[in-house]
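Peer 1: Have a look at this one before I ask anything.
There are 2 protein chains.
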Amino acid sequence: MASSLLTRQLAISLQHNLRVAAPGSRYISKTATKTVSEFEYDAPCMKTTVPGPKSQELLRQLGEIQNTGAIHFFCNYEESRGNYLVDVDGNRMLDVYTQISSIPIGYNHPALLKVMTDPNNLSAFINRPALGILPPENFPDKLVESLLSVAPSGMTRVQTMACGSCSNENAFKSMFIWYRNKERGFTSPSEEDIGSCMINQSPGCPDLSILSFMGAFHGRTLGCLATTHSKAIHKLDIPSFDWPIAPFPKLQYPLEEFTRENAQEEARCLEEVEDLILQWRQKGKPVAGIVIEPIQAEGGDNHASPDFFIKLRNIARKHGSAFHVDEVQTGGGATGKFWAHEHWGLEDPADIVSFSKKMLTGGYFHRDELMPDKPYRIFNTWMGDPSKNLFLSEVLNVIRREKLLDQVTRSGEVLMQGLYALQRQYPHVLSRARGQGTFCAIDARTDATRDSIILKAKNKGVFLGSCGERSIRFRPALIFKEYHVHQLLNVLNDVLAEHK
Amino acid sequence: MASSLLTRQLAISLQHNLRVAAPGSRYISKTATKTVSEFEYDAPCMKTTVPGPKSQELLRQLGEIQNTGAIHFFCNYEESRGNYLVDVDGNRMLDVYTQISSIPIGYNHPALLKVMTDPNNLSAFINRPALGILPPENFPDKLVESLLSVAPSGMTRVQTMACGSCSNENAFKSMFIWYRNKERGFTSPSEEDIGSCMINQSPGCPDLSILSFMGAFHGRTLGCLATTHSKAIHKLDIPSFDWPIAPFPKLQYPLEEFTRENAQEEARCLEEVEDLILQWRQKGKPVAGIVIEPIQAEGGDNHASPDFFIKLRNIARKHGSAFHVDEVQTGGGATGKFWAHEHWGLEDPADIVSFSKKMLTGGYFHRDELMPDKPYRIFNTWMGDPSKNLFLSEVLNVIRREKLLDQVTRSGEVLMQGLYALQRQYPHVLSRARGQGTFCAIDARTDATRDSIILKAKNKGVFLGSCGERSIRFRPALIFKEYHVHQLLNVLNDVLAEHK
């Protein structure tokens, strides 16, 4: 029966006493409100080293089909709950990576189970429509109820897509189309435009560019990859476009202690942006759009100030380039606001905002002017998946009902204070603690040290991710409470105590 | 209750007498076996012109959010059954387009409902994993049971992806990586490779190319789009790569009546392919791979002979280029074989075969040599969606159990005979009937005539798609039986009789 899993979940123990495993400077949590925890476990519980024997056997099996070099372990998703990921060997880990930041409200949330057991939803799963030609009856309503209810300031339009890369690819295309329509004075394309585009040549396929930043990650399909500059392994051997790449500010943390130095660094980068826009215009490859993450995530959790982004947005406007804010990793609440760019305090923050991951569906919001002028210009077979919109609606309900953005802010403060304490205690190992909400990171001395900390934490029941050259990134779900932060910090403390 | 829809479906009338609406040269169907029809309707039933008033109101609503220029009407997917698509105004149409060829076994097939109501499957829908790092326990088994059970000859490896474009983008990347590894003699990349790739420059981002064909469609993200040459509206204003584009044979139909002329045309195109490979090598942009559809679908249902593909495959091998067969539209059974390229009779047909659409998940099969040498080279957050693999397993079970490939062959023969009869009867309107299985097409005299036929057929209860400049494409589900063909042909006959 479909309801048995749900029943079983709801029956899980409500006890939440934090088990304190070892003496030392430990965080002891007060009992939290039970909203999240009603369906989850109370602590990690490790039975083998990871990957355990069952994972190893499955790795061998899958190795005959795929390259398995990136796989950590195999999961028992059915037994996973809330913030706890259970593997096939019965190890239960506090998940601070959440499928590369893409699980918004934890595993097997009852609200999502309800979506599955509602008979009105069945046909959305079984009959995947070609949304661009034959949308389902409830499609406009579902867009209003889900995505448009969280539309960034100034945006009333949204286009769904299947994944983050497709979202950015199509956002880029929208910017190119918009830019060329402006150049043509919104007249029809010429015969030469139409003929030359069929054979990949200018003017039909114009030499336009997208300006991106060193350290950026915008996806891995060929268009996106030309704006991605975080790790060589992503880009090596893949043909690319000659598009301008600006330096992203290398700030000193904590930001509030280095305001003057950081402002200088940001000014340097902005100057370079303007130079590059002019250079590429002279090269005959004008910048149709600027794409940027509010926090460079994959590239090492690099922050910049609201002032930087405000000035960058103005540079884009001044030079007639569209401004695309890529919120694929930052969007959906983890910074304590629904969109990270809301922290900038701008009324008019962007022309395009793309999303995926925690939003469960890919896509992008955009301003009216960025809407394609004709059908079939932004198009593909599926253009998203309405079954994902159903889940997103429920996720948004849970975020509102349980005030999860406030939760994120509170947990984020505890996490940051804990990270600051750790780096004071282990200054030869840790540095540059930084974050917004629970979207946090800290640097280890070397990449080897970083990898060792992550490995040891995993075997003590905390699953973490890495980013940049030597950063640990924290990407918990929005239901990550103060006592989960304490569990995380206690394990980090144990790992570092051994490391010392 | 989840089972109510299922119960309601199973209770639907078993009557299948074809309603003959008008006198003339009509096809009268014998009663068919009931396997398919147990859950579907018996005939189209139109209540309004299309789009009807409800669709028009929804178009207005959605128009405030998206460009709706490509939308035909809004659908009631819950009420749709088997080969019949029901719209929001209660119009029931025989669906010969199937969401751009992506509904394998019709709407609301009981086997797919069963997937949804199996509690063991719930967590696959609710907890979408990052497959590349944390796959579910049953992932290797499900791959073996679903995708690998239909792996093309010589291929034991498969990589899932979210959609057709992502599949081809990553297939291209695999070919580039493979090609560069060969060039480097399988040694490590140089410091220069690693440094230059981060800023989009050669040698790290090498000037490699993919050879494609005029009329091809391989997707719409920037890499794929550089190999797509079917319609200007897809490509206009989007920057592209200077990659070689060969002519695809323009054959005369029926193929068997023009073997000599067609062989000459194919030889001309193959000669051009070899010329282009040499030219692009001289340009410093060697051809890492050749990509081709077994039947150019979007581009107008252009066929070529097995001999052409065999020779092309040999040219690829001779020049050290990978050979990528794009089966996104042709794969999954519609040609009467599971993969269209099986019609070529080759033991060694391809290095990569990509799929999506009727396979419900995107992805590609490949030969061992095309496996990336390191993790994270072919990678993204989701790398597919295991819930789609669950549906695919059931689809494959139904295809086997109900011998649907034989059904496709039988229905395809009836369809082709019917199309030949129509073009004999209306030689001033129709020409070039062609097809394999039910993957068929016919040309109208002009694009306006084609569009008018499709519109009139829609209002008589048959939903068709277009392709190329003036072709009607037939893309029914695999459960399209002889009596469905008769319904289709009768409506076409009525439309053409009025047109005369």
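From first to last, the protein sequence lines are chains A and B.
Those letters in the first sequence? Residues 1 to 500, by my numbering.
Those letters in the second sequence? Residues 1001 to 1500, by my numbering.
Yeah, the Cβ is synthetic: ideal placement off N, Cα and C, and Gly gets one too.
Given a limit of 7 Å on CB to CB distance, which residues of the region 1109-1121 of chain B reach chain A?
Peer 2: Cβ contacts with chain A: Leu1112, Leu1113, Met1116, Thr1117, Pro1119.
Peer 1: Please classify Ile1399 (chain B): is it buried, with 16 or more other beta-carbons within 10 angstroms of its beta-carbon, or exposed?
Peer 2: Under this definition Ile1399 (chain B) is a buried residue.
Peer 1: Based on the DSSP output, what are the partners of Gly289 (chain A) in its beta bridges?
Peer 2: Bridge partners of Gly289 (chain A): A:Ile210, A:Ala322.
Peer 1: Is it right to say Arg60 (chain A) is buried, meaning 16 or more other beta carbons lie within 10 angstroms of its own, or is it exposed?
Peer 2: Arg60 (chain A) is exposed by the Cβ-count criterion.
Peer 1: Can you find a C-beta in chain B that's less than 8 Å from the C-beta of Lys47 (chain A)?
Peer 2: For Lys47 (chain A), the answer is no, since every Cβ of chain B falls outside 8 Å of its Cβ.
Peer 1: Between the region 1065-1080 of chain B and chain A, which residues of the former have a C-beta closer than 8 Å to a C-beta of the latter?
Peer 2: Against chain A - using a Cβ distance shorter than 8 Å - the residues of the region 1065-1080 of chain B are Ile1065, Gln1066, Asn1067, Thr1068, Gly1069, Ala1070, Ile1071, His1072, Phe1073, Phe1074, Cys1075, Asn1076, Tyr1077, Glu1078, Ser1080.
Peer 1: How far does the alpha helix (DSSP H) with Ile1454 (chain B) in it extend, from its first residue to its last?
Peer 2: Ile1454 (chain B) -> alpha helix (DSSP H) spans 1447-1459.
Peer 1: For Ala1457 (chain B), return the contacting residues in chain A, with the cut-off set at a CB-CB distance below 7 Å.
Peer 2: Neighbours of Ala1457 (chain B) on chain A: none; closest Cβ ~16 Å, over 7 Å.
Peer 1: Is the CB of Cys1205 (chain B) under 8 Å away from at least one CB in chain A?
Peer 2: Answer yes: the Cβ-Cβ gap between Cys1205 (chain B) and chain A drops below 8 Å somewhere.
Peer 1: Do Leu1422 (chain B) and Leu1488 (chain B) have their C-beta atoms closer together than 8 Å?
Peer 2: Going by C-beta atoms, Leu1422 (chain B) is not nearer than 8 Å to Leu1488 (chain B).
Peer 1: Going by C-alpha distance, which of A:Ile277, A:Asn302, A:Thr160 is nearest Ile290 (chain A)?
Peer 2: Answer by Cα proximity: A:Ile277.
Peer 1: Among residues of its own chain, excluding the 5 on either side of Cys197 (chain A), which ones have a beta-carbon nearer than 7 Å to its beta-carbon?
Peer 2: Excluding residues within five positions, the ones whose Cβ falls inside 7 Å are Gly204, Cys205.
Peer 1: Hey, out of A:Leu147, A:Ala151, A:Arg128, A:Glu78, whose CA is closest to Asp1118 (chain B)'s CA?
Peer 2: Here the closest residue by C-alpha is A:Glu78.
Peer 1: How about Val325 (chain A): is its C-beta nearer than 8 Å to some C-beta of chain B?
Peer 2: Answer no: the Cβ-Cβ gap between Val325 (chain A) and chain B never drops below 8 Å.
Peer 1: For chain B, check one thing: does any of its Cβ atoms lie closer than 8 Å to the Cβ of Pro294 (chain A)?
Peer 2: It does not: the Cβ of Pro294 (chain A) has no partner Cβ on chain B nearer than 8 Å.
Peer 1: Cα separation between Phe1480 (chain B) and Lys318 (chain A)?
Peer 2: So the two alpha carbons sit approximately 57 Å from each other.
Peer 1: Mind checking whether Arg220 (chain A) and Ser165 (chain A) have CB atoms under 8 Å apart?
Peer 2: Yes; because the gap between Cβ atoms is below 8 Å, this pair is in contact.
Peer 1: With distances taken from CA atoms, which of A:Phe176, A:Ser393, A:Ala477 is nearest Phe139 (chain A)?
Peer 2: It is A:Ser393 whose Cα lies nearest to the Cα of Phe139 (chain A).
Peer 1: Does the beta-carbon of Leu255 (chain A) have 16 or more other beta-carbons within 10 angstroms, so that it is buried, or is it exposed?
Peer 2: When all chains shown are included, Leu255 (chain A) counts as exposed.
Peer 1: Which value, in whole angstroms, describes the spacing of the CA atoms of Ser4 (chain A) and Lys1403 (chain B)?
Peer 2: Per-residue confidence for Ser4 (chain A) stands at a pLDDT of 40, beneath the threshold of 50, marking its modelled position as unreliable; the derived number appears in the next sentence. If you take the alpha carbons of Ser4 (chain A) and Lys1403 (chain B), they lie about 35 Å apart.
Peer 1: How many angstroms separate the CA atom of Val50 (chain A) from the CA atom of Val86 (chain A)?
Peer 2: Val50 (chain A) and Val86 (chain A): Cα-Cα distance of roughly 11 Å.
Peer 1: With DSSP run on the structure shown, which of helix, strand or coil describes Phe973 (chain B)?
Peer 2: Chain B is shown only over 1001 to 1500; residue 973 (chain B) falls outside these bounds and no answer can be derived.
Peer 1: If you compare alpha carbons, which of B:Leu1478, B:Cys1440, B:Val1485, B:Met1116 is closest to Gly1468 (chain B)?
Peer 2: The option with the nearest alpha carbon to Gly1468 (chain B) is B:Cys1440.
Peer 1: Going by DSSP in three states, Arg1045 (chain B) sits in which element: helix, strand or coil?
Peer 2: At residue 1045 (chain B) the sequence reads Cys, which differs from the Arg that was named. In the structure shown, Cys1045 (chain B) sits in a strand (DSSP, three-state: E or B).
Peer 1: Checking 8 Å against the spacing of the C-beta atoms, do Ile1245 (chain B) and Ile199 (chain A) come in under that value?
Peer 2: Their beta carbons are under 8 Å apart, which means Ile1245 (chain B) touches Ile199 (chain A) by this criterion.
Peer 1: Rounded to whole angstroms, what is the Cα-Cα separation between Leu396 (chain A) and Leu1122 (chain B)?
Peer 2: Cα to Cα, the separation comes out at about 20 Å.
Peer 1: Classify Glu1369 (chain B) as buried or exposed, calling it buried when 16 or more other Cβ atoms lie within 10 Å of its own Cβ.
Peer 2: Exposed, by the Cβ-count rule.
Peer 1: Closest by CA to Arg546 (chain A), which one among A:Ser354, A:Arg473, A:Gln436?
Peer 2: Any question about residue 546 (chain A) goes unanswered here, given that chain A covers just 1 to 500.
Peer 1: Can you tell me the Cα-Cα spacing of Ile442 (chain A) and Ala1130 (chain B), whole angstroms?
Peer 2: Going by the C-alpha atoms only, they are around 23 Å apart.
Peer 1: Which class does Asp95 (chain A) belong to by DSSP, given the choice of helix, strand or coil?
Peer 2: Correct three-state label for Asp95 (chain A): strand.
Peer 1: So, helix, strand or coil for Tyr397 (chain A), using DSSP?
Peer 2: Per the sequence presented here, residue 397 (chain A) reads as Asn, with Tyr not at that position. Helix at Asn397 (chain A).
Peer 1: Just the chain A side, please: which residues come within less than 9 Å of Val1158 (chain B) by C-beta, in chain order?
Peer 2: Going along chain A in sequence order, the residues near Val1158 (chain B) (Cβ under 9 Å) are Ile65, Gln66.
Peer 1: At a Cβ threshold of 8 Å, is Val1273 (chain B) touching chain A?
Peer 2: False, the Cβ-Cβ gap to chain A never drops below 8 Å.
Peer 1: Grab me the residues of Arg1377 (chain B)'s own chain with a C-beta within less than 8 Å of its C-beta, minus the 5 sequence neighbours each way, in chain order.
Peer 2: If we look at Arg1377 (chain B) and ignore the five residues flanking it on each side, its Cβ neighbours are Lys1173, Ile1177.
Peer 1: Just to make sure I have the definition right: I need the residues of chain A whose C-beta is within less than 7 Å of the C-beta of Lys1374 (chain B). Which are they?
Peer 2: Ordered by position in chain A, the residues that pass the 7 Å Cβ test against Lys1374 (chain B) are Gly69, Ile233.
Peer 1: For Val150 (chain A), which residues does DSSP report across the bridge?
Peer 2: Its beta-bridge partners do not exist; DSSP assigns none.
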